[in-house]
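If you count by mature numbering (1 follows the signal peptide of the UniProt record, and there is no 0), then the sequence shown holds residues -26 to -1, 1 to 802, one letter each, in order. Yeah, the Cβ is synthetic: ideal placement off N, Cα and C, and Gly gets one too. Fair warning: this is a prediction, and the values are worked out from it, not measured in the lab. Report on one structure; see the data block that follows.
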Amino acid sequence: MGFSAPKLMHLLAVAICSFLLMFAHGDASVGKNCASDERDALLEFKQGITEDPVGRLATWHGREEDCCRWRGVRCSNRTGHVLELRLGNANYDIYSYTSLAGEISRSLLTFKHLQHLDLSFNNLNGSTGRIPEFLASLKNLKYLNLSGISFHGRVPPQLGNLTALQYLDLSSMGATYSIDLSWLKHLHFLRYLNLDSVNLNTVADWPHVVNMLSSLRCLRLSGCSLNGKLPEWVGHLTSLVILDLSRNSYTGPLPEFIGNLTSLRTLDLSWNQFTGTIPASIGYITGLRTLYVCYNNLTALPHEIGKLSNLTHLYLAHNQLDGVITEEHFGSLKSLQHIDLSSNFLKIEIGSKWKPPFRLRNANFGTCQMGPLFPYWLRWLTNIDYLDISSTGINDRIPDWFPTSFSNARYLSMSKNQLNGALPINMEIMSSLEELDLNNNTLTGHVPKLPQNLTYLDICINSFSGPLPANVGLPKLRALSIASNHITGHLPRSICNSKKLGTLVLANNHFEGRLPECFGNKVMLFLDLSNNGFSGILPPSLQNSEMLQVLDLSRNMFYGSLPEWIGKLKSLRFLRIRQNMFSGDLPLNLTNLACLQYLDISNNGISGSLPRTLSKLKSLKLKYPKQICSGAFHVKAFSHNFSTILKGQQLFYGSIPRIVSLNMKIIDLSFNNIFGEIPEEITTLDGLINLNMSQNYFSGNVPSKIGVMRSLESLDLSSNTLSGEIPASVLNLTFLSYMDLSYNNLTGRIPSGSQLDSLYAANPSLYTGNIGLCGPPLKKGCSSTDASKQGHSTRIEESPGLEFFYRGLGCGFVSGIWAVFLVLLIKK
């Protein structure tokens, strides 16, 4: 249908007027210049800023006369007065790197017309650290946001003078509190109030005060130390659209008066201590869109939850919810997009023919019982982005429709079930999939070709067999865990294409052959190849992994010398190469690994002597903090059940990351060919809890200062050629619960003390094979000479000839025994 010329002119005039009206309220950069006194006040405010790391006030300078053009400043186009200061730190996730620092200047009092003040998430707490009371003089303020500034002390009640205020956010501060909220009743136009983390422990009448705010629509009191039962006045807040009382200490049952809040769109009661049933009255809040009641002690879920047809987010995780979920609970939830029922005791019984009314995007049913058959109704969730059905009792094959139905999924977890059979062969079509977790199942067959965008894959503790697919080296892969399967063959060379691979766990498989020559990258943090059949020398390219924190090559067939470049991996915290065929001397620069807290090179053919620079292993010392290395230890994929030899027995600790997080400090050099004296410098490693140097050729004395290693719980020096006396300082090792000195050439009286008596009772072979030892607890008594040697060490120093005589006598005796043994052996 056409328009006449007059009508067209009328429409054009309306459009022009609308444009001009919009222009009049538009950006302040076009209009009247700012007032000179307000410009000076802004420059004075800038003088109070001591740090501006990203240059947010860079435009605030004398060369630009019109302050209305300065970043964060908004002015009236009619008068030129500053109306808004928008200096909030939008990058609060990297808060410390982008925030302004300094103080809030009193020059703000110049801005009599200021309506909007946002200084959120900056370090503007100043020298006093208090919320400035002078802000209460900005009578025209409608918007005040001081959230995320680390103020402390009392919230000034003078803020009640800001009678025009519509938005007030004082959340996430340092340690602020209020003992009286009566000042709020003067804020008649207040629509949004956020006091998250403000301590309101002594404010009992807050619901009564809030109820006076007839305009209030949003109330957030998360983490305010509120306790007791939920006050009945909460049921009178019928105008609220958003109510957040999370992270408090409310107890008792959720009252029925919750159903009175019929205007609510968001209700957050999570992280409290509510008990009992979610009240059936919840069904009256028909407009509710978001319900958070996770992390409580609720026990039952009413059918009325299914009446909330506008509900988009339902979070009930980490409660004690019990009972059966049926179609009735989900019947009318046609708007539902996000649901979390995890960590409860629910059983979901839904027929295979049921078609859900909702189109979920995020669903977490972890620990809910959904099996034994694979839930067929899940196939209709074709919009799913995140799905967790781990530990849900499924004992079935993964259906063929799985890759097609979940082709849009980004995250899938089906771990800790009894999934069996082979994976669908068309997994590759899941082009959106980034994270797939199938660990702890009984899946069999070959690993198929993988989706190209995978960043995380965990299929450990299954029964996969055969070689890995050729495309396992995916370009975006960050974590790959295949531990505890039956994978065979070589590690595909394509693994070198995974330049972002930070975690690789291949432990407990049947891999064989050499590692690819290109193996290793600059971002690798965690490498566990233990208990396989890998062989050959370590590829030199592995030295490129300068960020490596964990290297476990144990129980393989690697050979050759431990390379010198191992000392360049300065971030290494865990090094285990036990049960290989490494030989040659220990690299001298091994002691450059200041972050190292776990060293196990046992059961190899390593020779040479220990370096005397052991004191450089700073992480093994008590005087250094737990973390002396930059960057926190974090890996997403965990390996198989980790064990270590401690206190003479095999102990299980769950995983290598747990060992590192527990800060266990261990050195195990056992079953090698290391010789020479034990350097006295080893006693500087006083943070060690386990020192095992058994089955080597160490000679000389036990370090006399060994008693300073007071953290030691296990000490094994057995089967060496150590001589001399047991130092009396061992009595200072009060945490020691296991010690083995057997099969050495130790002599003299055994130091007496209840600590050593207990150790001997726990391990009666502690001194076996040391024919020169005497005194309790052994039956062999000590001669006067033995006693003088043990009790008066200075006499030994004054009589070197006598000491030489006894040593010569001992050596002659041992040589004679060996001669007789060799003659008998030759005759045989």
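Buried or exposed (CB count within 10 angstroms, at least 16 for buried), residue i
| i | result |
| --- | --- |
| GLN89 | buried |
| PHE672 | buried |
| HIS277 | exposed |
| ARG13 | buried |
| TYR71 | exposed |
| ALA736 | exposed |
| ARG194 | buried |
| MET186 | exposed |
| ASN201 | exposed |
| HIS55 | buried |
| ASN65 | exposed |
| PHE548 | buried |
| GLU699 | buried |
| PRO377 | buried |
Own chain, CB closer than 6 Å to residue i, minus 5 neighbours either side, in chain order
| i | result |
| --- | --- |
| residue 804 | Because the chain is modelled from -26 through 802, residue 804 falls outside the range shown and cannot be assessed. |
| SER535 | GLY558 |
| PRO774 | Any answer about PRO774 is weak, because its pLDDT of 38 lies below 50 and its placement is not dependable; what the coordinates show is given next. Taken in chain order, the list of residues that qualify is empty. |
| GLY541 | PRO561, ASN563, LEU564, ASN566 |
| ASN97 | SER73, ALA75 |
Inter-residue Cα distance where the pair is residue i and residue j
| i | j | result |
| --- | --- | --- |
| THR416 | LEU393 | 6 Å |
| PHE319 | CYS342 | 6 Å |
| VAL298 | MET638 | 44 Å |
| ARG384 | ILE23 | 44 Å |
| LEU288 | LYS327 | 24 Å |
| LYS595 | VAL524 | 19 Å |
| SER255 | LYS281 | 11 Å |
| LEU747 | LEU662 | 27 Å |
| ARG467 | ASP432 | 20 Å |
| THR236 | CYS192 | 14 Å |
| ASN427 | PRO443 | 15 Å |
| HIS312 | ASP40 | 49 Å |
| SER504 | ASN577 | 14 Å |
| ASN119 | ARG552 | 59 Å |
| MET(-5) | GLU18 | Note on MET(-5): pLDDT 35, under 50, position unreliable in the model; the coordinate value appears next. Cα-Cα distance, rounded: 32 Å. |
| LEU707 | LEU686 | 7 Å |
| SER437 | HIS292 | 32 Å |
| ASN647 | SER697 | 18 Å |
| GLY226 | ASN234 | 19 Å |
| HIS464 | PHE532 | 14 Å |
| ARG104 | LEU169 | 16 Å |
| LEU397 | LYS321 | 26 Å |
| TYR224 | ASN175 | 11 Å |
| SER406 | THR264 | 27 Å |
| GLU206 | LEU217 | 15 Å |
| LEU93 | ASP179 | 30 Å |
| PRO229 | GLY419 | 54 Å |
| GLU520 | ALA75 | 35 Å |
| ASN284 | ASN459 | 46 Å |
| LEU57 | ILE232 | 40 Å |
| LEU543 | MET498 | 11 Å |
| SER454 | LEU522 | The residue you asked about is not Ser; residue 454 is Leu in the sequence shown. One C-alpha to the other measures close to 15 Å. |
Distance cut-off 8 Å: residue i Cβ against heavy atoms of the ligand MN
| i | result |
| --- | --- |
| LYS679 | Looking for the ligand MN in the displayed structure turns up nothing, as the structure carries no ligands at all. |
Same chain, Cβ closer than 8 Å to residue i, neighbours up to 5 away in sequence not counted
| i | result |
| --- | --- |
| SER220 | SER196, GLY197, ASP242, LEU243, SER244, TRP245, ASN246, TYR266 |
| residue 805 | The structure shown does not extend to residue 805, since the chain spans only -26 to 802, so no value can be given for it. |
| GLU651 | SER583, PHE672, SER673, GLY674, ASN675 |
| TRP351 | ILE324, GLY325, SER326, TRP328, LYS329, PRO330 |
9 Å Cβ cutoff, residue i in contact with chain D
| i | result |
| --- | --- |
| GLY743 | The structure shown contains no chain D, having only a single protein chain. |
7 Å Cβ shell around residue i - same chain, five flanking residues per side excluded
| i | result |
| --- | --- |
| LEU516 | PHE493, GLY494 |
| ASN414 | SER389, LYS390, ILE435 |
| SER767 | Only weak support is given to the placement of SER767: the predicted model assigns it a pLDDT of 35, under 50, and the value that follows is read from those uncertain coordinates. Nothing listed; no residue qualifies. |
Threshold first: 3 residues or longer. Then list the beta strand (DSSP E) segments lying entirely within the region 166 to 192, N to C.
166 to 168
Q. Can you find at least 3 beta carbon pairs, one from the region 330 to 342 and one from the region 362 to 369, that sit closer than 8 Å?
A. yes
Inside the region 389 to 442 only - alpha helix (DSSP H) runs reaching at least 4 residues | none
Q | Runs of alpha helix (DSSP H) lying entirely within the region 496 to 543, each at least 4 residues, in chain order | A | none
- prompt: Can you list, in chain order, the stretches of the alpha helix (DSSP H) that have 4 or more residues and sit fully within the region 54 to 116?
  reply: 69 to 72
Problem set entry | Segments assigned beta strand (DSSP E), at least 3 residues, entirely inside the region 283 to 359 | 287 to 289, 296 to 299, 312 to 314, 319 to 322, 336 to 338
* Asked: Is it true that the region 135 to 144 meets the region 77 to 88, where meeting means three or more beta-carbon pairs spaced less than 8 Å apart?
  -> No, they do not touch.
Practice prompt. Scan the region 637 to 718 and note each continuous beta strand (DSSP E) run of 3 residues or more that stays entirely inside, going in chain order.
Written response: 640 to 642, 647 to 651, 664 to 666, 671 to 675, 688 to 690, 695 to 698, 712 to 714
Review point. Can you list, in chain order, the stretches of the alpha helix (DSSP H) that have 4 or more residues and sit fully within the region 186 to 261?
Key: none
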